[in-house]
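Participant: Its first residue numbered 1, the sequence shown is counted upward by one per residue in the numbering used here. We put the CB at the ideal spot given by N, CA and C, even for glycine.
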Amino acid sequence: MSAKTDTEVIIGGKVLTMSGHESEEYLQRVASYINNKLSDYNKLDGFRRQPLDTQNILIQINIADDYFKAKGKIEDLEQELRAKENELYDLKHELIATQIKLENTSKSLKEAQDELNENSKSMVRMETELKEYKKLAND
Numbered sequence: 001m002s003a004k005t006d007t008e009v010i011i012g013g014k015v016l017t018m019s020g021h022e023s024e025e026y027l028q029r030v031a032s033y034i035n036n037k038l039s040d041y042n043k044l045d046g047f048r049r050q051p052l053d054t055q056n057i058l059i060q061i062n063i064a065d066d067y068f069k070a071k072g073k074i075e076d077l078e079q080e081l082r083a084k085e086n087e088l089y090d091l092k093h094e095l096i097a098t099q100i101k102l103e104n105t106s107k108s109l110k111e112a113q114d115e116l117n118e119n120s121k122s123m124v125r126m127e128t129e130l131k132e133y134k135k136l137a138n139d
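1) Can you tell me whether LEU16 is helix, strand or coil according to DSSP?
2) Grab the span of the beta strand (DSSP E) containing ASP139 for me, first residue to last.
3) Kindly identify the DSSP beta-bridge partner or partners of ASP175.
4) Do you know offhand how far LYS37's Cα is from GLN55's?
5) Could you check the C-alpha separation between ASP6 and ALA31 for me, to the nearest Å?
6) Going by beta carbon distance, what residues of the same chain come within less than 6 Å of MET18, once the five residues before and after it are set aside?
7) Kindly list the residues whose CB is nearer than 8 Å to the CB of HIS21, restricted to its own chain and excluding five residues on each side of it in sequence; keep chain order.
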C-alpha cells in the first residue's frame with residue numbers, strides 16, 4: 001500500500017486538507033470534480049433557492065448517480081469483454097478444428113494422389129503387358 005498523502009484543496013471556496021493513499025494529483029482531481037458539480041448546480045436558480053442541507057443532499061445524490069452510472073458502464077464493458085473473450089475462445093477452437101480438418105483432408109488428398117499414381121503406373125504396366133500378349137498371340 002502506498003504512503004498516506006495529505007494535500008490542501010479548495011472545495012466550495014473553503015480550504016480543506018484531504019488525506020488518502022492516492023497521489024496528490026488524484027486528490028486534486030477529486031476536489032476539482034466536486035467543485036465542477038457545485039459550479040454546475042449553483043448556476044441553477046432552483047438549486048440556489050434550496051436550503052444548504054438540501055443543496056448538499058442533491059449534490060451527494062448527483063455524485064452517487066454518476067458513480068452508479070460509471071459502475072454500470074464498467075460492468076457492461078466487463079460483460080462485453082467476457083463475451084468477446086468467449087467468442088475469441090470459440091473462434092480459436094474452430095480455427096484449430098478447421099486446421100486439423102485441413103491437415104486430414106490434405107493427407108487424404110496426398111494418399112489419393114499416391115494411389116492414383118500407383119494405379120496409373122499399374123495401368124501402363126498392364127497396357128504394356130497386353131500389347132506384348134497381343135504381339136505374341138499374333139506371332
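Facilitator: Taking the coordinates as given:
1) DSSP places LEU16 in strand when its eight states are reduced to three.
2) Premise fails: ASP139 is in no beta strand (DSSP E) and is neither H nor E.
3) This structure cannot speak to residue 175, because the chain is shown only from 1 to 139.
4) In a straight line, the C-alpha of LYS37 is about 11 Å away from that of GLN55.
5) Cα to Cα, ASP6 sits roughly 13 Å from ALA31.
6) Excluding sequence neighbours, MET18 sits near THR7, VAL9 and LEU27.
7) Shown here for HIS21: same chain residues with a beta carbon closer than 8 Å to its own, the five before and five after excluded, namely MET1, SER2, ALA3, LYS4 and THR5 in chain order.
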